[in-house]
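Single-structure report; data block below.
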Amino acid sequence: MSGVHSRVPSNKIDVDALTALKGAFTPDAGVQMEALLRRLLTTPIRDPQTLIHLHETALFLRAYPQNPAVVKLADRLLFAFGDRLRALAPLSWEDSQLLEAGEVSGIAGTGISTNFSYSFARSLASRHGKRIQIDWTSYAHPERLGPALARVAPLANEDWTVEGHVDWHQWLAAFAPRGKQLHWLLEHLDPTTYDSLEIPILWSLGDSSATRSRTRLATDKRDIFYHAGPLLKRRDVSLEAEFSKPKLKARGLKLAEAQSILDVIVDTSAVRYRELWGFLFPDIARTYQADLGRGMRMVWFGVPPSARLPLRAYHCGMFFKNGVPIGYVEVLSLFERMEVGFNLYYTFREGESAWLYAQVLKFCREQYGVTCFTIDPYQLGHENEEAVDSGAIWFYRKLGFRSTSPAITHLIEREERKLATDTEYRTSPATLRRMAAAPMLYGHTAGSSKDWDGFSLRRLLRRVAMKSAAKNTGPAWAAILAVVGDCGVSARQLSDSKNSPDEKTYLHLLQSSPKLRQRFLKLGVK
Numbered sequence: 017m018s019g020v021h022s023r024v025p026s027n028k029i030d031v032d033a034l035t036a037l038k039g040a041f042t043p044d045a046g047v048q049m050e051a052l053l054r055r056l057l058t059t060p061i062r063d064p065q066t067l068i069h070l071h072e073t074a075l076f077l078r079a080y081p082q083n084p085a086v087v088k089l090a091d092r093l094l095f096a097f098g099d100r101l102r103a104l105a106p107l108s109w110e111d112s113q114l115l116e117a118g119e120v121s122g123i124a125g126t127g128i129s130t131n132f133s134y135s136f137a138r139s140l141a142s143r144h145g146k147r148i149q150i151d152w153t154s155y156a157h158p159e160r161l162g163p164a165l166a167r168v169a170p171l172a173n174e175d176w177t178v179e180g181h182v183d184w185h186q187w188l189a190a191f192a193p194r195g196k197q198l199h200w201l202l203e204h205l206d207p208t209t210y211d212s213l214e215i216p217i218l219w220s221l222g223d224s225s226a227t228r229s230r231t232r233l234a235t236d237k238r239d240i241f242y243h244a245g246p247l248l249k250r251r252d253v254s255l256e257a258e259f260s261k262p263k264l265k266a267r268g269l270k271l272a273e274a275q276s277i278l279d280v281i282v283d284t285s286a287v288r289y290r291e292l293w294g295f296l297f298p299d300i301a302r303t304y305q306a307d308l309g310r311g312m313r314m315v316w317f318g319v320p321p322s323a324r325l326p327l328r329a330y331h332c333g334m335f336f337k338n339g340v341p342i343g344y345v346e347v348l349s350l351f352e353r354m355e356v357g358f359n360l361y362y363t364f365r366e367g368e369s370a371w372l373y374a375q376v377l378k379f380c381r382e383q384y385g386v387t388c389f390t391i392d393p394y395q396l397g398h399e400n401e402e403a404v405d406s407g408a409i410w411f412y413r414k415l416g417f418r419s420t421s422p423a424i425t426h427l428i429e430r431e432e433r434k435l436a437t438d439t440e441y442r443t444s445p446a447t448l449r450r451m452a453a454a455p456m457l458y459g460h461t462a463g464s465s466k467d468w469d470g471f472s473l474r475r476l477l478r479r480v481a482m483k484s485a486a487k488n489t490g491p492a493w494a495a496i497l498a499v500v501g502d503c504g505v506s507a508r509q510l511s512d513s514k515n516s517p518d519e520k521t522y523l524h525l526l527q528s529s530p531k532l533r534q535r536f537l538k539l540g541v542k
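Here the numbering used here is used: the first residue of the sequence shown is 17, the next is one more, and so on.
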């Protein structure tokens with residue numbers, strides 16, 4: 017056995033040992049962790065997979081540290097990661113793909129290539145300059161530039177209308193020098209035209225503060241939360257208990273501070289190949305920071321009236337644990353019902369996810385008066401193998417959520433009995449997929465969530481559209497009221513509140529209109 021063990025590189029043994037200490041919080045564990053971090057600071061590692069493992073472990077420890085030394089050492093290790101990867105250059109294609117995969121993308125010294133919408137691309141290009149360029153080698157549809165360029169440069173019509181195999185790269189070079197071509201397109205094309213081009217962007221991250229290795233919100237050393245005991249597990253968390261605790265505090269951010277943090281949020285999302293509606297169109301004037309406790313801050317905002325949905329109120333936020341971005345949430349609200357899309361980045365899924373989730377629901381309940389929380393089937397595992405693999409449905413079930421389907425409820429209860437009587441039993445992926453076929457609900461007020469069983473917004477919209485197709489009913493609420501009749505609130509009132517500075521006003525109006533709620537549910541429930 018010693019011969020087999022000796023073939024494992026010592027640096028990998030050290031990285032594995034460091035990872036094993038993530039959940040240990042004794043004084044001895046702290047000493048071992050510091051020693052391993054110090055040793056790994058100067059240990060050369062040439063295997064990309066081991067480097068990724070080290071990076072993710074160090075980033076987790078920086079977010080969930082045991083003591084000040086771990087914070088300092090983890091940052092030193094992470095801030096030098098670009099040098100480590102440059103020492104390995106040139107990387108093979110396989111190694112580059114490994115480092116750019118969505119689960120780990122954004123490490124210092126690497127890059128990403130993907131297409132972003134106009135708003136994201138403009139934000140990135142304006143702040144990261146020449147590091148952001150068109151990735152011509154990955155552009156599958158350069159011919160789409162033809163009609164777009166012909167619109168802003170009429171002489172290009174000479175090529176576009178009658179010639180084949182036009183080199184649109186060269187045409188674009190006539191208007192903008194290398195390194196500025198993307199910026200030129202963003203300046204001269206409207207958002208819809210730009211988005212239709214699907215232009216891949218090559219972002220050379222280098223040692224930018226946008227890298228996952230270096231992204232931090234400024235945090236006073238006195239505000240760092242050090243974990244002196246085990247991380248809170250799902251079994252330690254009760255939604256009812258969290259709801260009964262004192263109200264969470266939130267403060268509005270001044271415009272300059274809000275813009276700075278929103279830029280960080282765009283970068284954080286982009287290096288992971290992700291976009292979110294609220295990140296594209298944030299309401300900068302109404303951006304808040306909530307202190308959730310245990311070193312966790314949530315930056316929270318909605319969207320301005322021009323970007324709002326016709327019916328549901330929209331809000332979103334990003335979580336920062338000791339200054340490190342660890343995930344985001346997007347919520348959609350109607351009356352007392354809120355759909356919650358909660359996502360923790362891969363690196364931090366062994367953290368205090370259930371506790372954090374409880375704080376998010378608590379914050380939303382306090383801010384918006386919602387009492388019924390619902391989870392879309394996709395989040396549970398419907399057409400989402402990642403959620404199936406992680407057993408996401410059990411995460412919500414053990415927090416008190418229930419399925420809206422009686423048949424699935426019966427299936428879940430059957431699985432729970434098997435799990436209770438056989439400690440080695442595991443629910444099969446096929447069963448998890450069946451369990452994820454319907455939404456799950458949690459109703460804080462007794463019985464409130466029952467009303468929303470079987471509700472579908474798409475069903476409601478289709479029914480309204482069918483019944484009002486021949487009428488000139490105008491905006492969404494006008495169309496709905498034309499179908500359901502007088503409910504004590506006018507379309508004008510609803511429209512004005514929807515366009516108020518904060519959609520909280522709109523939700524409070526809905527929550528004070530029981531007759532409208534009753535007829536709304538009748539249209540949307542089977």
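Backbone N, C-alpha and C define an ideal beta-carbon position, used for all residues, glycine too.
| Item | Value |
| --- | --- |
| Beta-carbon spacing of Leu269, Gln305 below 7 Å | yes |
| In DSSP terms, what Asn338 is bridged to | Answer is none; Asn338 lacks a bridge partner. |
| Per DSSP, cross-strand counterpart(s) of Asp283 | None, per the DSSP bridge assignment. |
| Inter-stretch contact at 8 Å, needing at least 3 Cβ pairs: the region 521-536 / the region 333-342 | no |
| Rounded Cβ spacing between Asp557 and Leu57 (contact assumed at less than 8 Å) | Because the chain spans 17 through 542 in this model, residue 557 falls outside it and cannot be assessed. |
| Burial state of Ala408 (16 or more Cβ within 10 Å) | buried |
| Distance, Leu348 Cα to Thr35 Cα | 37 Å |
| Pairwise C-alpha distance: Ala169 and Asp183 | 15 Å |
| Short CB-CB distance (under 7 Å) between Ser513 and chain D | The question asks about chain D, but that chain is absent: this structure has only one protein chain. |
| Distance CB(Tyr441)-CB(Phe389) smaller than 7 Å | no |
| DSSP state of Ile215 mapped onto helix, strand, coil | coil |
| Close beta carbons around Trp200, own chain, < 8 Å, minus the five adjacent residues each side | Leu188, Phe191, Ala192 |
| Residue closest to Gln149, alpha-carbon to alpha-carbon, out of Leu247, Arg478, Leu198, Gly294 | Leu198 |
| Nearest-angstrom beta carbon gap, Glu352 and Cys332 [assumed within contact, 8 Å] | The Cβ separation is near 19 Å, so there is no contact. |
| Spatially closest choice to Arg508 from Val315, Ala495, Ala117, by CA coordinates | Ala495 |
| Ser444, DSSP secondary structure in three states | coil |
| For Gly46 and Asn83, the rounded distance between their alpha carbons | 8 Å |
| CA-to-CA distance, Gly195 to Cys503, given in whole angstroms | 58 Å |
| Limits of the beta strand (DSSP E) - the one that Glu355 falls within | 353-360 |
| Nearest-angstrom Cα separation, counted from Thr420 out to Tyr134 | 38 Å |
| N-terminal and C-terminal residue of the beta strand (DSSP E) that Trp316 is part of | 312-318 |
| One or two residues paired with Arg267 in a DSSP bridge | Gln305 |
| Burial state of Lys434 (16 or more Cβ within 10 Å) | exposed |
| Three-way DSSP call (helix, strand, coil) for Ser18 in this model | Unreliable placement is indicated for Ser18, whose pLDDT of 42 sits below 50; the coordinate value is still reported in the next sentence. If DSSP states are grouped into helix, strand and coil, Ser18 belongs with the helices. |
| Alpha carbon of Leu415 to alpha carbon of Lys146, nearest angstrom | 47 Å |
| Same chain, Cβ closer than 7 Å to Arg143, five either side skipped, listed in chain order | Asp279 |
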